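Asks: Below is a structure I'd like to ask you about.
There are 2 protein chains.
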Amino acid sequence: MKLSTKGRYGLRAILDLAVHGNDEVVALSQIAVRQNISINYLEQLISRLKKAGIVNGIRGAQGGYVLAIPAEEISVGDILRALEGDLDPVDCSELKGDSTCSSSDVCVTKYVWKRISDSINDAVDGIMLSELVNESKKVHEEISIKNSDKASSMC
Amino acid sequence: MKLSTKGRYGLRAILDLAVHGNDEVVALSQIAVRQNISINYLEQLISRLKKAGIVNGIRGAQGGYVLAIPAEEISVGDILRALEGDLDPVDCSELKGDSTCSSSDVCVTKYVWKRISDSINDAVDGIMLSELVNESKKVHEEISIKNSDKASSMC
DNA sequence: TTTAAATCCAAGTGAATTAATAGGAATTAA
DNA sequence: TTAATTCCTATTAATTCACTTGGATTTAAA
Numbered sequence: 001m002k003l004s005t006k007g008r009y010g011l012r013a014i015l016d017l018a019v020h021g022n023d024e025v026v027a028l029s030q031i032a033v034r035q036n037i038s039i040n041y042l043e044q045l046i047s048r049l050k051k052a053g054i055v056n057g058i059r060g061a062q063g064g065y066v067l068a069i070p071a072e073e074i075s076v077g078d079i080l081r082a083l084e085g086d087l088d089p090v091d092c093s094e095l096k097g098d099s100t101c102s103s104s105d106v107c108v109t110k111y112v113w114k115r116i117s118d119s120i121n122d123a124v125d126g127i128m129l130s131e132l133v134n135e136s137k138k139v140h141e142e143i144s145i146k147n148s149d150k151a152s153s154m155c
Numbered sequence: 156m157k158l159s160t161k162g163r164y165g166l167r168a169i170l171d172l173a174v175h176g177n178d179e180v181v182a183l184s185q186i187a188v189r190q191n192i193s194i195n196y197l198e199q200l201i202s203r204l205k206k207a208g209i210v211n212g213i214r215g216a217q218g219g220y221v222l223a224i225p226a227e228e229i230s231v232g233d234i235l236r237a238l239e240g241d242l243d244p245v246d247c248s249e250l251k252g253d254s255t256c257s258s259s260d261v262c263v264t265k266y267v268w269k270r271i272s273d274s275i276n277d278a279v280d281g282i283m284l285s286e287l288v289n290e291s292k293k294v295h296e297e298i299s300i301k302n303s304d305k306a307s308s309m310c
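Going down the list, the protein sequences come from chains R and E. Per my numbering, the very first residue in the first sequence carries number 1; after that it's consecutive. Per my numbering, the very first residue in the second sequence carries number 156; after that it's consecutive.
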């Protein structure tokens with residue numbers, strides 16, 4: 001019941017992209033260095049985000065990636081589902097409305113899986129990328145204030 | 156982001172035990188047949204539930220297992236955590252209150268993991284085994300009514 | 001026009017984890 | 001004494017994960 005590195009690294013990567021890309025393209029190599037993730041592996045992660053329409057790739061020299069839509073309109077749920085596939089705790093066709101499961105009528109545990117699935121998806125859909133960007137900027141401001149305090153106390 | 160067979164089979168197994176054990180011990184062999192799970196594998200699952208104090212084992216011939224506490228006092232969360240380990244989406248010391256993580260101050264994604272973790276644990280802690288037992292009995296009643304209808308229409 | 005920087009893509013690989021299987025020791029009711 | 005059962009540990013087959021490798025393609029800039 002753990003997210004893989006796809007989800008963990010991928011969320012860090014797109015947050016990095018959103019924080020550092022102010023209408024400018026960001027090359028994967030920069031994200032790779034800042035986030036300490038292999039550039040080759042990052043390619044695979046960003047490729048999923050691209051297929052999901054979350055980022056756009058710009059090819060060629062000086063190329064890179066940009067958000068395809070504003071950070072206010074991208075939920076963490078969109079990002080994690082693009083990276084990980086569905087966030088359901090089990091593969092159960094009932095959860096997706098298929099109702100082709102042969103033991104559907106005697107299956108009681110499906111109610112449990114449904115409750116877990118809904119709670120996860122509601123949680124991640126309620127957090128927008130822009131919130132994380134704001135939080136991240138706040139955190140970095142605090143650190144630079146702390147550092148300037150330290151510097152001034154040294155004078 | 157999937158539960159393993161430990162959680163899925165294990166929940167079915169203890170639900171079977173709760174439904175069929177009315178103050179009587181239930182042998183693993185019976186659960187294994189009804190739930191179509193290898194008895195050897197079931198042993199490993201039930202052993203985790205035993206260590207967590209959820210079931211008691213009674214050794215020897217005519218032995219088996221019983222719930223260690225009433226089904227009303229056992230949450231699905233207790234069961235799944237006993238079987239799977241913690242239900243957190245990532246291994247993050249902050250989530251467990253350790254606060255020894257070196258990148259804690261610049262880590263923004265931890266808020267996401269915390270929200271997911273809380274929502275999962277709240278969901279499973281809000282379902283008691285007794286509810287599943289009731290649901291299961293209801294389902295089986297409905298099936299037997301359906302069958303008696305069928306039988307009477309054949310007369 | 002060449003070159004270097006970048007995305008894009010598919011296949012391969014080693015390590016780790018999962019899902020069992022196997023075999024036997026210990027216990028106990030009949 | 002026997003058969004049924006829990007209890008415990010080790011092994012194994014299959015799968016998944018987390019990358020790595022090796023290119024092909026595109027494009028800005030020299």
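Glycine included, each C-beta is placed from N, C-alpha and C at the ideal position. It should be emphasised that the depicted structure is a prediction, and the values quoted were computed from it without experimental measurement.
Output the distance between the C-alpha atoms of serine 117/R and asparagine 147/R, rounded to the nearest integer angstrom.
Replies: Sequence index remark: in the first sequence, residue 117/R carries index 117 (1-based). Sequence index remark: in the first sequence, residue 147/R carries index 147 (1-based). Cα to Cα, serine 117/R sits roughly 43 Å from asparagine 147/R.
Asks: Evaluate the contact criterion for the region 11 to 29 of chain R versus the region 243 to 251 of chain E: three or more CB pairs, one atom per stretch, below 8 Å.
Replies: Counting Cβ pairs under 8 Å, fewer than three are found: no touch.
Asks: Determine the direct distance from the alpha carbon of arginine 189/E to that of valine 180/E, and round the result to whole angstroms.
Replies: Residue mapping note: residue 180/E aligns to position 25 of the second sequence, counting from 1. Residue mapping note: residue 189/E aligns to position 34 of the second sequence, counting from 1. Rounded to the nearest angstrom, the two C-alpha atoms are 15 Å apart.
Asks: Return no unless some Cβ of chain R is closer than 9 Å to the Cβ of arginine 167/E.
Replies: Numbered from 1 along the second sequence, position 12 holds the residue referred to as residue 167/E. Yes, because at least one Cβ of chain R sits closer than 9 Å to the Cβ of arginine 167/E.
Asks: So what's glycine 165/E in DSSP terms, helix, strand or just coil?
Replies: Residue mapping note: residue 165/E aligns to position 10 of the second sequence, counting from 1. In the structure shown, glycine 165/E sits in a helix (DSSP, three-state: H, G or I).
Asks: Would you report the Cα separation of leucine 87/R and glycine 281/E, rounded to the nearest angstrom?
Replies: Numbered from 1 along the first sequence, position 87 holds the residue referred to as residue 87/R. Numbered from 1 along the second sequence, position 126 holds the residue referred to as residue 281/E. Cα to Cα, leucine 87/R sits roughly 20 Å from glycine 281/E.
Asks: Check distances from the C-beta atoms of the region 83 to 95 of chain R to those of chain E and list, in chain order, the residues that come in under 9 Å.
Replies: Against chain E - using a Cβ distance shorter than 9 Å - the residues of the region 83 to 95 of chain R are Glu84, Gly85, Asp86, Leu87, Asp88, Pro89, Val90 and Asp91.
Asks: Hey, aspartate 233/E and isoleucine 209/E: beta-carbon distance below 9 Å or not?
Replies: The sequence position of residue 233/E within the second sequence is 78, counting from 1. The sequence position of residue 209/E within the second sequence is 54, counting from 1. The answer is yes: Cβ separation under 9 Å.
Asks: My assumption, with CB atoms under 8 Å, is that glutamate 72/R sits in contact with tyrosine 266/E. Please give the rounded CB distance.
Replies: If you number the first sequence from 1, residue 72/R lands on position 72. If you number the second sequence from 1, residue 266/E lands on position 111. Not quite, the Cβ-Cβ distance comes to about 17 Å (not below 8 Å), so this is no contact.
Asks: Is the separation between the beta-carbon of isoleucine 298/E and that of aspartate 105/R shorter than 9 Å?
Replies: Position 143 of the second sequence, counted from the start, is the residue given in the question as residue 298/E. Position 105 of the first sequence, counted from the start, is the residue given in the question as residue 105/R. For isoleucine 298/E and aspartate 105/R, yes; Cβs fall inside 9 Å.
Asks: Curious, which full-length alpha helix (DSSP H) runs of at least 4 residues does the region 167 to 193 of chain E contain?
Replies: DSSP runs (the alpha helix (DSSP H)) wholly in the region 167 to 193 of chain E: 183 to 190.
Asks: Using a Cβ-Cβ cut-off of 6 Å (strictly less than) and excluding sequence neighbours within five positions of asparagine 56/R, which residues of its own chain qualify?
Replies: The residue labelled residue 56/R in the question sits at position 56 within the first sequence. For asparagine 56/R, where only same-chain residues beyond five positions count, the Cβ hits under 6 Å are Val66 and Ala68.
Asks: Under 8 Å by Cβ, that's how I've got valine 231/E and valine 288/E pegged, so tell me the actual separation to the nearest angstrom.
Replies: Reading the second sequence from its first residue, position 76 is the one you call residue 231/E. Reading the second sequence from its first residue, position 133 is the one you call residue 288/E. Rounded, the Cβ-Cβ distance is 12 Å, inconsistent with contact.
Asks: Strictly by DSSP, which residues pair up with tyrosine 111/R?
Replies: Start at 1 with the first residue of the first sequence, and residue 111/R comes out as number 111. According to DSSP, which records beta bridges pairwise, tyrosine 111/R is partnered with nothing at all.
Asks: Quick one: which chain R residues come within Cβ less than 8 Å of tyrosine 220/E?
Replies: Taking the first residue of the second sequence as 1, we reach residue 220/E at position 65. Within 8 Å Cβ-Cβ: nothing; tyrosine 220/E doesn't reach chain R, min ~19 Å.
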